[in-house]
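According to my numbering, the sequence shown is numbered sequentially starting from 709.
All C-beta atoms in this analysis are idealised placements derived from N, C-alpha and C, irrespective of residue type, glycine included.
Predicted model only: the values in this text are computed from it and were never measured.
A short write-up of the structure that comes next.
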Amino acid sequence: MQFLLIFLTASFAYYTLPGYLFPILTFFSWIWPHSITAQQIGSAYHGLGVGAFTLDWAGIFAYHGSPLVTPWFSILNTAVGFIMFIYIIMPLCYWSFNTFDARKFPIFSNQLFTSKGLTYDTTKILTPTFEQNEAAYNDYEKLYLSPLLAISIGSSFLRFTATLTHVLLFNGRDIWRQSKSAVNSAKLDIHAKMMRNYKQVPQWWFLILLAGSIGLSLLMSFIWKEEVQLPWWGYDIIAQFMIGYVLPRKPIANLLFKIYGRISTIHALSFLSDLKLGHYMKIPPKCMYTAQLVGTVVAGIVNIAVAWWMIESIESICDVDGLYPDSPWTCPKYRVTFDASVIWGLIGPTRLFGHHGIYRNLVWLFLIGTLLPVLVWLFSIVFPEMKWIPLINIPVISYGFAGMPPTTPSNIASWLITGTIFNYFVFRYWKQWWQKYNYVLSAALDAGTTFMGVLLFFALQNENRNLKWWGTEIDHCPLASCPIEPGIVVKGCPVF
């Protein structure tokens, strides 16, 4: 407890530097004042972040979670994917082959673009009911993505099929055996025996919750049919890619589907993790059920209330053009969510990934993702003495590409370095310390940073008490967001 409090306090105090006084600590970059290429390579905020890193714990754990709790083999697989993506694939696609007209756009950006390198104005193709105006779209421009965003989307195609194939080949037998054991009431372990002392949650509790959730969702699709754009039968589609084909030109329906199809799955996995923790800690199942249900309801109400309040009270929130320079309210994660609603909903996958789409070749990554785990599996059978081959995990390797943007390469690089230090070097050479303090340190850093972030917002940032000096400028590479294609005119950038 003493260790936890010491590092929680230290993390709490330290976050005043990257969070308010000295935000440049969030990204350290090497720069060259007049070279676009050097800034594209070195910028931590708008480039590949080569040689850049962060001293901000919030920047390290914000997107992939704490690296201190991630197994070393997962960190290593992620590092392989990250290095391939940032240091090999992206430079080749951008500077060597100009893949997807990449040089017309910034190498790293969460914006959408026209063929002339300008920001795509979605309001020009929207109807008053937030659907696509097809005539206006045909008169406007085709949609283009920044090269890093395009390839990141392609990696998600690979990751989807690779996950299914990998689990089937490497874990299918174990899953089948455990499933049969569960059906046949296999011998209980010590934890299950001890949990039999508590009354189990009745099945009808879960059924009522399921029926209520489905009922409210369907009711919403009837009462607010025009607003949500998602008909009742649309809840059964299993991928955002597919809903874009089924309900094209409806961005709000696409976003709503994502909430039901993806976010609900993420929360289900989180709840299962909580139940597993409760099982090992011998917490009564009914208490766990009640705590999860109450927490979900309270969190849902609070999140909506806070989001509504922020939209009403923070001027130009999430609007990069309307915010003051270096504002913290750029909402990079939700900007990418907006991009997804445009790509998959407003424009639709047919126009981007169909037969005549600009990014049609990315669809081949579905097939590649299916085949790569098969090759690893075959090698593991042919060379059984090489114990490291089964540790090659294609889905986790592709995770090195994941989430960029809004994640920046320097975020992931710092995450990998931190994870390597603690889960390889400290684990290997100071194992007793690692076993005693590693997870406590992770919790302390997370909690201290979070508490100070909330305090800084309500005490200073909410009152517009912001500092202005060179240390508050997050990125000193203004040319990193410039295109390099001859003839492309962008404000603040040289024309080649």
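Cα-Cα separation, residue i to residue j
i	j	result
SER1049	ALA1015	19 Å
GLY1195	SER1118	31 Å
PHE1087	GLU1093	11 Å
TYR852	PHE821	5 Å
LEU834	PHE1074	31 Å
ILE744	SER1189	8 Å
TRP941	ILE974	Unreliable placement is indicated for TRP941, whose pLDDT of 45 sits below 50; the coordinate value is still reported in the next sentence. If I take the Cα positions, the gap works out to 22 Å.
LEU713	ALA1152	7 Å
HIS899	LYS990	8 Å
SER981	SER804	45 Å
TYR968	LEU977	14 Å
ALA1110	VAL1071	17 Å
CYS1201	LEU826	12 Å
TYR1067	ILE1051	11 Å
MET928	GLU842	27 Å
THR717	PHE1091	51 Å
PHE1204	LEU1187	13 Å
LEU1206	ALA870	As displayed, the chain neither begins before 709 nor continues past 1204, which places residue 1206 out of reach and without an answer.
Bridge-paired residues (DSSP) for residue i
i	result
GLN840	LEU834
TYR852	PHE821
THR827	PHE821
Nearest to residue i (by Cα), restricted to the options the options
i	options	result
CYS1185	PHE878, THR871, LEU1080, GLN747	GLN747
ASN785	ILE1097, PRO992, SER981, ASN841	ILE1097
VAL758	ALA770, ILE749, TRP1123	ILE749
ASP809	LYS984, THR1116, TRP1037, ILE859	ILE859
TYR771	THR1128, GLN710, ALA919, LEU1124	LEU1124
GLY773	CYS1190, SER1150, THR745	SER1150
SER864	PHE979, ALA900, LEU877, ILE1076	ILE1076
GLN911	TYR997, TRP1072, PRO956	TYR997
PHE790	TYR1147, THR1115, ASP1047, THR1045	THR1115
LYS907	LYS994, ARG970, TYR828	LYS994
THR807	THR762, SER719, GLY862, ASP829	GLY862
SER823	PRO855, GLY986, LYS958	PRO855
GLY1213	LYS850, GLN710, SER1035, LEU1079	Here the chain comprises residues numbered 709 to 1204, so residue 1213 is not present and cannot be evaluated.
PHE878	LEU1099, VAL1002, TRP780	LEU1099
PHE781	VAL1162, VAL1006, ALA1155, GLY1108	GLY1108
Span of the alpha helix (DSSP H) around residue i
i	result
ASN962	959 to 966
ASP1047	1040 to 1048
ILE1089	1072 to 1090
VAL1222	Summary: the structure shown does not reach residue 1222, with the chain confined to residues 709 through 1204, and so no result is reported for it.
TYR1107	1102 to 1107
LEU977	972 to 989
ILE1126	The identity of residue 1126 in the sequence shown is Thr, whereas the question assumes Ile. Where THR1126 is concerned, the enclosing alpha helix (DSSP H) stretches over 1117 to 1128.
VAL1002	993 to 1021
ILE744	744 to 750
PHE790	780 to 791
ALA900	898 to 903
PRO1057	1057 to 1061
Any non-hydrogen atom of the ligand FMN within 7 Å of residue i CB
i	result
PHE711	The ligand FMN is not part of the structure shown, which contains no ligands of any sort.
The region 799 to 817 / the region 744 to 755 touching (three or more Cβ pairs under 8 Å): Between the region 799 to 817 and the region 744 to 755, the count of C-beta pairs closer than 8 Å reaches three or more; the two stretches touch.
Three CB pairs or more closer than 8 Å across the region 1096 to 1110 and the region 786 to 806: Judged by Cβ distances under 8 Å, the region 1096 to 1110 makes contact with the region 786 to 806, as three or more pairs qualify.
Stretch pair the region 876 to 885 + the region 1141 to 1157: three plus CB contacts closer than 8 Å: no
Touch test, the region 794 to 802 against the region 1054 to 1069, Cβ-Cβ under 8 Å, three pairs minimum: no
Segment contact, 8 Å Cβ cut-off, at least three pairs: the region 828 to 848 with the region 1124 to 1135: Contact between the region 828 to 848 and the region 1124 to 1135 is absent: fewer than 3 CB-CB pairs across the two stretches fall below 8 Å.
Touch test, the region 910 to 925 against the region 1005 to 1020, Cβ-Cβ under 8 Å, three pairs minimum: no
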